[in-house]
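Participant: Got a structure here, written out as structure tokens. Questions coming.
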Amino acid sequence: MSVTGETDLREAPAPDPGFAIRFLDAGNALRGIRALKPVMLELLALRRGMHVLELGCGAGDDVRAFGRRVGSAGRVLGIDEAPSMVEEAARRSHGRNLPVEFQVGDALALDLPDATFDRVRIERLLMHVDGEPATVLRESARVLRDGGRIVVFDFDWDALVIEGADRELTRRIVRSYADAIRNGSVGRALPRLLNEAGFTSVSTVPHGVAIPYDFFGWLVSSHLDEALAAGLFTPEELIAWWDELDRAHAAGGFFAALLGFVAAGTKAPAAG
Numbered sequence: 001m002s003v004t005g006e007t008d009l010r011e012a013p014a015p016d017p018g019f020a021i022r023f024l025d026a027g028n029a030l031r032g033i034r035a036l037k038p039v040m041l042e043l044l045a046l047r048r049g050m051h052v053l054e055l056g057c058g059a060g061d062d063v064r065a066f067g068r069r070v071g072s073a074g075r076v077l078g079i080d081e082a083p084s085m086v087e088e089a090a091r092r093s094h095g096r097n098l099p100v101e102f103q104v105g106d107a108l109a110l111d112l113p114d115a116t117f118d119r120v121r122i123e124r125l126l127m128h129v130d131g132e133p134a135t136v137l138r139e140s141a142r143v144l145r146d147g148g149r150i151v152v153f154d155f156d157w158d159a160l161v162i163e164g165a166d167r168e169l170t171r172r173i174v175r176s177y178a179d180a181i182r183n184g185s186v187g188r189a190l191p192r193l194l195n196e197a198g199f200t201s202v203s204t205v206p207h208g209v210a211i212p213y214d215f216f217g218w219l220v221s222s223h224l225d226e227a228l229a230a231g232l233f234t235p236e237e238l239i240a241w242w243d244e245l246d247r248a249h250a251a252g253g254f255f256a257a258l259l260g261f262v263a264a265g266t267k268a269p270a271a272g
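Structure below.
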């Protein structure tokens, strides 16, 4: 039983093979994530015949969208470390006659030749990689052709805002959540990381995503149970916090949002 004492979305779900897919689908359905897609697509500037790499492709929704853009003369490769995601992406793509492929792979060490792709896109992956985000960006630069473009989006979990409960306790919870994510502040670092990876003409724009109450509960439940077990909070604190949020939600006073950043850059031709 979670600290809320209830069995709604705040109850940490039991592990099952489809949970990550359902969670990803629910996240992709958020209005702010849907609004993110055209922003990244415009920066990608896809054309017919291009070869595109999507790292952390999930169930392949964006890969299929890019496949329609590049056409039969192009190619879109989606890579994900989770076999279940790659299987689901292939299943959803079957019979659509699109120039798309999916592979299980490691974004930290791509099993791909140099200078293979015209575009690389990475969305909500770097915060989770079991290693340095800089390594993923260097690998992306390696497989890009000269003049190729990279477009990256990720969150900064220190910039999670929550209205509806005790402010000081909420700040402690946000800090603990950000610290628990492997690369929780990578969003703010994207411009620096792209520059350090050798990209030029780097640009960055902020993008916020509002989080509905049900999804918010789904998002934070497992972390709060882990934080409770680690002694970061008392059961009384978390029960009171959820009770405040419940009342705020019922009265229309709950709001949560998370700030992320879209960064783009170009691979410059090698000197000499």
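Numbering of the sequence shown is given in the UniProt record's numbering, commencing with residue 1 and proceeding in unit increments.
All C-beta atoms in this analysis are idealised placements derived from N, C-alpha and C, irrespective of residue type, glycine included.
Since the model is a prediction, treat every value here as computed from it, not as a measurement.
Determine the direct distance from the alpha carbon of A20 to that of R31, and round the result to whole angstroms.
Facilitator: 19 Å
Participant: Measuring alpha carbon to alpha carbon, tell me which of A180, S222, L108, D130 ends up nearest V143.
Facilitator: L108
Participant: Less than 7 Å between C-beta atoms, sequence neighbours within five positions excluded: which residues of the same chain meet that for R92?
Facilitator: Closer than 7 Å at Cβ, skipping near neighbours: A59, G60.
Participant: Just the C-alpha distance for L43 and S203, rounded to the nearest angstrom, thanks.
Facilitator: Going by the C-alpha atoms only, they are around 10 Å apart.
Participant: Under 9 Å between the Cβ atoms of V100 and L77?
Facilitator: Yes, they are a contact pair.
Participant: Going by C-alpha to C-alpha distance, which of A178, L112, P235, D156 sits closest to V262?
Facilitator: D156
Participant: If I measure Cβ to Cβ from N195 and keep anything under 8 Å in the same chain, skipping five residues before and after, which residues do I get?
Facilitator: V202, G265
Participant: Is DSSP giving R182 helix, strand or coil here?
Facilitator: coil
Participant: Compute the Euclidean distance between the alpha carbons of Y213 and A45, then round it to the nearest angstrom.
Facilitator: 35 Å
Participant: Comparing alpha-carbon positions, which option in L36, R182, V39, F254 lies nearest G131?
Facilitator: R182
Participant: What does a CB cutoff of less than 6 Å around E139 pick up in its chain, not counting 5 residues either side in sequence?
Facilitator: L110
Participant: Quick one: residues in its chain with C-beta nearer than 7 Å to the C-beta of A134, no 5 flanking neighbours on either side, listed in chain order?
Facilitator: Excluding residues within five positions, the ones whose Cβ falls inside 7 Å are L193, E196, A197.
Participant: Compare the Cα-Cα distances from R75 to each of R172, F102, W218 and report the closest residue.
Facilitator: F102
Participant: Could you tell me which of W241, V209, F215, V136 sits nearest to R167, measuring between CA atoms?
Facilitator: Nearest of W241, V209, F215, V136 to R167, Cα basis: W241.
Participant: Comparing alpha-carbon positions, which option in A82, D154, A165 lies nearest A251?
Facilitator: A165
Participant: In angstroms with no decimal places, state the Cα-to-Cα distance between D146 and L53.
Facilitator: Whole-angstrom Cα-Cα distance: 15 Å.
Participant: Restricting to Cα atoms, I'd like to know which of S176, A90, G260 is closest to S221.
Facilitator: S176
Participant: What do you reckon, are the CB atoms on F233 and E163 nearer than 9 Å?
Facilitator: no
Participant: Helix, strand or coil: which one does DSSP assign to T266?
Facilitator: strand
Participant: Go ahead and label R121 buried or exposed: buried means 16 or more other beta carbons lie within 10 angstroms of its beta carbon, across all protein chains shown.
Facilitator: buried
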